[in-house]
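Asks: Before anything else, here's the structure in question.
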Amino acid sequence: MQAAKAAFGRSPSAVIAWLGLALFCLSIGQTQAAINSSAVHREDRALISNVNCVKQLSSCSCETDSGGRVDLSPLAKSGGVFAFNDKTSPSGSFFYYYNPCYGATCDGSSDAAVCQKTNDKLQEYLMGTQASATFETDATLGLLLKYSGLSGDQLTRETHLQLVCDTSGSGEDLLTPLDDGQSSGSTELYKMSLLSRHCCATGGPGPDGGGGGGMSGGDILLIIFFCLIAVYLAAGILINVAIRRQSFGAQALPNAEFWVSVPGLVRDGALFSYGWVKDGINKRRGNYESV
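Have a look at this one:
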């Protein structure tokens, strides 16, 4: 320990090198934590991101202003049935049903997108048709898919389905009724949310308007590589100066003789490879000439 102190006393540069190494490795940890935190915030923004549909492609898909696409067709079922069934509202008074893209049967309509049934399932009400489907972006709720339809009781029901981008990778698709409707004249307005990875815009920039975030595996490997080099140099210099009593300088570098010889070894290897290739070419050329 005293030798190390003496070395540090003779070479303030060694102290600076060690402090720089410590700060470097500390900064790596802080950078990774910041990136992870940023990824979490980025995911939160994805869940409530405002995606602007500039062109509606079908009743369940649209093209976004960033060149991506929102497409709910993987969630849809054909044959007149609903993909999401028996979803209860917060009050538990009704069951709700939903199917994107293809019409289902409800309340005398074969084009139903959203349906409401009483608890005993004896009465059902049309809450929107596929033909009425319209994408719209709300400043607060983000991307909405709106439906409307005239039910058998002559009441127009309108459904606002909030499309929530699931970036967790769970693969779970969740339909959640948010209320049992709010009356507005002759119209009853219902709100629901659909959490799914298929609600995310694909084929364009990420939900936050930029490319993918976070560190790649290559980035992490490069950081580890350079950090190991820094540790190798710092530890080697410390051992040579503090223990082996070498003067601080180029000669204090670990395995200095080897690293000094590396350029010469590389040169020798290149010359050998060049000579081997050249001999092979000349030999083949001589064979051709003899023929």
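The sequence shown lines up with residues -33 to -1, 1 to 258 when you count with mature numbering (1 follows the signal peptide of the UniProt record, and there is no 0).
Just so it is clear, CB atoms sit at the ideal spot from N, CA and C, and this is done for glycine as well.
1) When burial is assigned at 16 or more other CB atoms within 10 Å of the CB, is N222 buried or exposed?
2) Taking Cβ to Cβ, would you say D120 is nearer than 9 angstroms to S56?
3) Would you mind sorting A106 into buried or exposed? The rule is 16 or more other CB atoms within 10 Å of its CB.
4) Using 9 angstroms as the threshold, is the C-beta distance between D133 and C167 below it?
5) Quick one: residues in its chain with C-beta nearer than 7 angstroms to the C-beta of T169, no 5 flanking neighbours on either side, listed in chain order?
6) So who's on the other strand from L93, going by DSSP bridges?
7) Would you kindly report the start and end of the unbroken alpha helix (DSSP H) that includes C194?
8) Three-state secondary structure (DSSP) at G148?
9) I'd like the list of long-range same chain contacts for N249, defined as Cβ closer than 8 angstroms, with 5 residues on each side in sequence excluded.
10) For L156, collect the residues of the same chain with a Cβ closer than 6 angstroms to its Cβ; drop the 5 residues on either side in sequence, then sort them by chain order.
11) So W226 and L232 are supposed to be a Cβ contact under 8 angstroms. How far apart are they, rounded?
12) Would you call D38 buried or exposed, if buried means 16 or more other Cβ atoms sit within 10 Å of its Cβ?
13) Determine, using beta carbons only, whether L42 and P67 come nearer to each other than 9 angstroms.
14) Is A(-1) helix, strand or coil by DSSP?
15) Between which residues of its own chain and T96 is the CB-CB distance below 8 angstroms, once the five residues before and five after are set aside?
16) So, L110 versus Q129, is the Cβ gap smaller than 9 angstroms?
17) Applying the criterion that 16 or more other CB atoms from any shown protein chain within 10 Å of the CB defines a buried residue, is I204 buried or exposed?
18) Buried or exposed: which applies to A100, given that a residue is buried once 16 or more other Cβ atoms fall within 10 Å of its Cβ?
19) Given that a residue counts as buried once 16 or more other Cβ atoms are within 10 Å of its Cβ, and exposed if not, what is A217?
20) Can you check DSSP and say which residues form a bridge with E155?
Replies: Inspection of the coordinates gives the following:
1) Residue mapping note: residue 222 aligns to position 255 of the sequence shown, counting from 1. That one is exposed.
2) As a position in the sequence shown, residue 120 is number 153, starting the count at 1. As a position in the sequence shown, residue 56 is number 89, starting the count at 1. Against a cut-off of 9 angstroms, the Cβ pair of S56 and D120 comes out as no contact.
3) Here the question's residue 106 lines up with position 139 in the sequence shown. Looking at its Cβ environment, which holds fewer than 16 other Cβ atoms inside 10 Å, A106 is exposed.
4) Working through the sequence shown from its first residue, we reach residue 133 at position 166. Working through the sequence shown from its first residue, we reach residue 167 at position 200. Inclusion of D133 and C167 in the CB contact set at 9 angstroms is warranted, their separation being smaller than that value.
5) Translated into positions along the sequence shown, residue 169 becomes position 202. Taken in chain order, the residues that qualify are G35 and R36.
6) Indexing the sequence shown from 1 puts residue 93 at position 126. In DSSP, L93 forms a bridge with C82.
7) Numbered from its first residue, the sequence shown carries residue 194 at position 227. Counting along the chain, the alpha helix (DSSP H) containing C194 begins and ends at G184 to L205.
8) For this step, residue 148 is matched to residue 181 along the sequence shown. Coil, per DSSP.
9) The residue given as residue 249 occupies position 282 in the sequence shown. Correct list: empty, nothing qualifies.
10) Within the sequence shown, the letter at position 189 stands for residue 156. Excluding residues within five positions, the ones whose Cβ falls inside 6 angstroms are E125 and Q149.
11) If you number the sequence shown from 1, residue 226 lands on position 259. If you number the sequence shown from 1, residue 232 lands on position 265. Actually they do not touch by this definition, with Cβ atoms about 10 angstroms apart.
12) Taking the first residue of the sequence shown as position 1, residue 38 is located at position 71. Buried, by the Cβ-count rule.
13) Here residue 42 is taken as the residue at index 75 of the sequence shown, counted from 1. Here residue 67 is taken as the residue at index 100 of the sequence shown, counted from 1. Yes, these two residues count as a Cβ contact at 9 angstroms.
14) Position 33 of the sequence shown holds residue -1. Caution is warranted here: a pLDDT of 47 is assigned to A(-1), below 50, making its placement in the model unreliable, and no coordinate value can be reported.
15) Along the sequence shown, one-based indexing puts residue 96 at 129. Answer for T96: G70, S76, D78, A79, A80, Y114, S115 and G116, listed in chain order.
16) Against the sequence shown, residue 110 aligns to sequence position 143. Against the sequence shown, residue 129 aligns to sequence position 162. Taking 9 angstroms as the Cβ cut-off, L110 and Q129 qualify as a contacting pair.
17) Working through the sequence shown from its first residue, we reach residue 204 at position 237. Per the 10 Å Cβ criterion, buried.
18) Along the sequence shown, one-based indexing puts residue 100 at 133. When all chains shown are included, A100 counts as buried.
19) Here residue 217 is taken as the residue at index 250 of the sequence shown, counted from 1. By the 10 Å Cβ count, A217 comes out exposed.
20) Translated into positions along the sequence shown, residue 155 becomes position 188. E155 is bridged to R124 and S150.
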